[in-house]
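Beneath this line is the structure, given in structure tokens, with notes to follow.
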Amino acid sequence: MSSTTTAPNIIFILADDLGWADLSVYGQTDFQTPHLDALAAQGVRFTQAYANSAVCSATRFALITGRYQYRLRGGLEEPLVRTAHKYGLPPEHPTLPSLLQGAGYETALIGKWHLGNLPTFGPLKSGYQHFFGNYGGAIDYFTHKPRVGEAVARDLYEGEVPVERVGYYTQLLADEASHWIRQQSAAKPFLLSLHFTAPHWPWVGPEDEEVSRNLTDIFHYDGGNLHTYAKMVRSLDAAVGQVLQTLQAQGLSDNTIVVFSSDNGGERFAKTWPFTGQKTELLEGGIRVPTLLRWPARLKPQVSEQVTITMDWLPTLLAAAGVAPDARYPSDGENILPVLEGQAPVHERTLFWRYKAQRQRAARDGRWKYLKINDNEFLFDVETDTLERANLRHQQPAVFARLRQAWADWNAQFLPITDEVITHGLSPDIQADRYAPDLATRGM
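Just add 3 to wherever you are in the sequence shown, counting from 1, and you've got this note's numbering.
Structure follows, in structure tokens:
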């Protein structure tokens with residue numbers, strides 16, 4: 004390690020619906036992710052990193068603002084879809100890119116925005132100087148359309164102008180990011196938010212253009228398998244490797260902070276072992292995410308047990324850049340840099356979640372986790388019982404009551420979940436292993 008007084012560059016790489024064990028360094032054995040494994044070996048690998056939500060747009064509100072997403076109306080949506088023209092990230096709200104831009108950084112978002120649609124909302128209105136990517140939540144990897152059909156317009160933009168490109172979207176984003184890095188001047192630091200859509204549905208690998216041509220529904224409930232999913236994750240790994248190689252070729256690796264994470268837990272083909280649950284669920288598999296950080300100039304390689312969450316990145320990265328936060332909008336997250344530098348001990352955190360589908364609630368406090376799904380309530384020791392099987396609510400009634408009340412006190416601070424809020428969850432008609440047992444016939 005070397006010390007530096009020069010403001011670091013920052014590349015924040017966000018995967019979409021990547022499962023906890025979808026990288027070989029986190030436990031994937033069906034295929035290898037060599038580039039992300041190398042990033043882990045060179046930096047910090049987190050073992051207790053969480054997403055702010057079990058769905059994409061809500062987590063992205065927390066990432067860009069450093070605050071619980073429930074402070075903003077758009078952050079209540081699970082995810083932000085049909086109301087994206089009405090609710091989004093208010094342009095006047097300070098953000099990670101706007102604060103860094105104000106301190107002299109060049110800022111770019113390449114990839115997925117998903118924080119509200121034009122003309123009211125957009126990355127260029129919230130601190131990014133350059134944007135190439137999609138405004139909505141998902142597009143096909145080859146057609147770059149958010150739905151199926153000839154009449155559907157592409158959701159692919161440069162700035163606020165629609166553009167047309169040919170190619171697999173994961174690779175297009177890697178090429179665009181590499182090009183943007185090569186254009187940067189050494190005189191100014193930069194923030195590059197590289198937000199892939201991989202490995203989000205539809206289930207299409209780099210050589211599967213024919214699959215795209217035959218899609219009947221962008222949700223692709225009738226498609227996909229583990230082999231295709233592996234191709235998608237491997238292409239994501241290769242894309243990250245390409246961008247990191249560009250950074251190395253430009254001589255920028257030493258004083259560039261590279262963060263890699265996911266917006267929520269894995270989807271239907273993801274590997275989440277040793278957890279259960281998936282996207283749209285507050286079980287660990289829906290909110291625990293693989294997370295890596297590399298900054299050779301300041302941080303030594305390590306495995307960190309520090310509990311962290313998406314909204315920590317704004318205060319952490321601002322501190323690394325020497326940029327003051329906006330006092331009018333204090334972060335709900337925490338600067339974890341002192342822990343990573345060995346200046347502060349690893350410590351327990353108290354974090355909270357809520358999710359409208361299945362009326363879910365969750366709180367993590369030290370080793371304990373309170374979880375409510377519909378009318379069922381649980382207390383788990385998630386340090387020893389990662390599968391969340393042994394309900395300890397009756398063995399530890401005081402802990403259960405304390406966390407239950409703590410969640411209620413926390414929830415009272417935020418915007419309420421109303422009937423208008425859109426939510427998305429798993430149901431037996433689309434995923435057979437999420438069946439609802441018929442209690443009337445139980446025991447027959």
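Cβ coordinates follow ideal geometry from the N, Cα and C atoms, glycine included.
Exercise for the section: Inspect the beta-carbon positions of residue 323 and residue 260 and report whether they are closer than 7 angstroms. Expected result: Locating residue 323 in the sequence shown gives position 320, where the first residue counts as 1. Locating residue 260 in the sequence shown gives position 257, where the first residue counts as 1. Contact: yes.
Problem - Every unbroken beta strand (DSSP E) within the stretch 296-357, with a cutoff of 3 residues, ordered by chain - result: 305-307
Exercise for the section: Could you give the DSSP three-state label for residue 58: helix, strand or coil? Expected result: Locating residue 58 in the sequence shown gives position 55, where the first residue counts as 1. It is coil, neither helix nor strand.
Handout entry: For residue 67 and residue 412, the rounded distance between their alpha carbons
Key = In the sequence shown, the residue the question calls residue 412 occupies position 409. In the sequence shown, the residue the question calls residue 67 occupies position 64. Taking the straight line from one Cα to the other gives about 25 angstroms.
Handout entry: Among 151, 186 and 31, the one whose alpha carbon lies nearest that of residue 109
Key = Within the sequence shown, numbered from 1, the residue matching residue 109 stands at position 106. Nearest option by C-alpha distance: 186.
Handout entry: Buried versus exposed call for residue 446 [16 or more other C-beta atoms within 10 Å across all chains shown]
Key = Position 443 of the sequence shown, counted from the first residue, corresponds to residue 446. Reliability of the predicted coordinates at residue 446 is poor, the pLDDT of 45 falling under 50, and the value obtained from them is presented with this limitation in mind. With fewer than 16 other Cβ atoms within 10 Å, it is exposed.
Practice task
May I ask you to list the residues that DSSP assigns as paired with residue 67?
Solution key: Here the question's residue 67 lines up with position 64 in the sequence shown. DSSP output for residue 67 lists no bridge partner at all.
Handout entry: Per-residue DSSP class, three states only, for residue 242
Key = Taking the first residue of the sequence shown as 1, we reach residue 242 at position 239. Correct three-state label for residue 242: helix.
Handout entry: Where residue 204 sits in the DSSP three-state scheme
Key = Here residue 204 corresponds to residue number 201 of the sequence shown, with the count starting at 1. The answer is coil: DSSP assigns residue 204 none of H, G, I, E or B.
Practice task
Would you grab the beta carbon distance between residue 114 and residue 198 for me? Rounded to a whole angstrom, and I think it's under 8 angstroms.
Solution key: Along the sequence shown, one-based indexing puts residue 114 at 111. Along the sequence shown, one-based indexing puts residue 198 at 195. Right, the Cβ-Cβ distance comes to about 4 angstroms (below 8 angstroms), so this counts as a contact.
Practice task
May I ask you to report which of helix, strand or coil DSSP gives residue 373?
Solution key: Taking the sequence shown and counting its residues from 1, the one referred to as residue 373 is at position 370. In the structure shown, residue 373 sits in a strand (DSSP, three-state: E or B).
Handout entry: Same chain only: Cβ atoms within 6 angstroms of residue 180, ignoring 5 sequence neighbours per side
Key = By 1-based counting over the sequence shown, the position of residue 180 is 177. Same-chain partners within the cutoff: 113, 197 and 246.
Exercise for the section: Going by CA-CA distance only, name the one from 360, 136, 423 and 381 that's closest to residue 404. Expected result: For the purposes of this step, residue 404 is taken as residue 401 along the sequence shown, with counting starting at 1. Looking at the Cα atoms, 381 is the closest of the given residues.
Exercise for the section: Assign residue 53 to one of three DSSP states: helix, strand, or coil. Expected result: Residue 53 sits at position 50 when you count from the first residue of the sequence shown. Note: residue 53 maps to strand in three-state DSSP.
Exercise for the section: Please work out which residues of its chain come closer than 6 angstroms, Cβ to Cβ, to residue 386, disregarding the five sequence neighbours upstream and downstream, and give them in chain order. Expected result: Within the sequence shown, numbered from 1, the residue matching residue 386 stands at position 383. Excluding positions up to five away in sequence, the list reads 370.
Exercise for the section: To the nearest angstrom, report how far apart residue 20 and residue 216 are at their CA atoms. Expected result: Here residue 20 is taken as the residue at index 17 of the sequence shown, counted from 1. Here residue 216 is taken as the residue at index 213 of the sequence shown, counted from 1. Roughly 23 angstroms between the two C-alpha positions.
Problem - Buried/exposed call for residue 315, threshold 16 Cβ in 10 Å - result: The count along the sequence shown starts at 1 and reaches residue 315 at position 312. By the neighbour-count rule (16 or more Cβ atoms within 10 Å), residue 315 is buried.
Handout entry: Rounded C-alpha distance that separates residue 284 from residue 57
Key = Taking the first residue of the sequence shown as 1, we reach residue 284 at position 281. Taking the first residue of the sequence shown as 1, we reach residue 57 at position 54. Going from the Cα of residue 284 to the Cα of residue 57 covers about 6 angstroms.
Exercise for the section: Could you tell me whether the Cβ atoms of residue 319 and residue 338 are closer together than 7 angstroms? Expected result: As a first step, residue 319 must be located in the sequence shown, where it is residue number 316. As a first step, residue 338 must be located in the sequence shown, where it is residue number 335. Their beta carbons are under 7 angstroms apart, which means residue 319 touches residue 338 by this criterion.
Problem - Close Cβ partners of residue 231 (< 6 angstroms) along its chain, the five nearest in sequence each way excluded - result: Taking the sequence shown and counting its residues from 1, one reaches residue 231 at position 228. Same-chain partners within the cutoff: 206 and 208.
Exercise for the section: Can you have a look at residue 191 and say buried or exposed, based on whether 16 or more other CB atoms are within 10 angstroms of its CB? Expected result: Taking the sequence shown and counting its residues from 1, the one referred to as residue 191 is at position 188. Residue 191 is exposed by the Cβ-count criterion.
Problem - Range of the contiguous alpha helix (DSSP H) that encloses residue 120 - result: As a working mapping, residue 120 is identified with position 117 in the sequence shown. Taken as a continuous stretch (DSSP letters only), residue 120 belongs to no alpha helix (DSSP H), as it is neither H nor E.
Handout entry: Alpha-carbon spacing of residue 148 relative to residue 256, whole angstroms
Key = Taking the first residue of the sequence shown as 1, we reach residue 148 at position 145. Taking the first residue of the sequence shown as 1, we reach residue 256 at position 253. Going by the C-alpha atoms only, they are around 35 angstroms apart.
Practice task
Please check the pair residue 204 and residue 141, which I expect to be a contact at CB under 8 angstroms, by giving their CB distance rounded to whole angstroms.
Solution key: Taking the first residue of the sequence shown as position 1, residue 204 is located at position 201. Taking the first residue of the sequence shown as position 1, residue 141 is located at position 138. That belief holds up - the Cβ atoms of residue 204 and residue 141 are roughly 7 angstroms apart, short of 8 angstroms.
Practice task
Could you spell out the range, first to last residue, of the alpha helix (DSSP H) harbouring residue 264?
Solution key: What you label residue 264 is simply residue 261 of the sequence shown in a count that begins at 1. Residue 264 -> not in any alpha helix (DSSP H); beta strand (DSSP E) instead, spanning 259-265.
Exercise for the section: Please classify residue 402: does DSSP put it in a helix, a strand, or coil? Expected result: Residue 402 sits at position 399 when you count from the first residue of the sequence shown. In this structure, residue 402 counts as helix in the three-state DSSP scheme.
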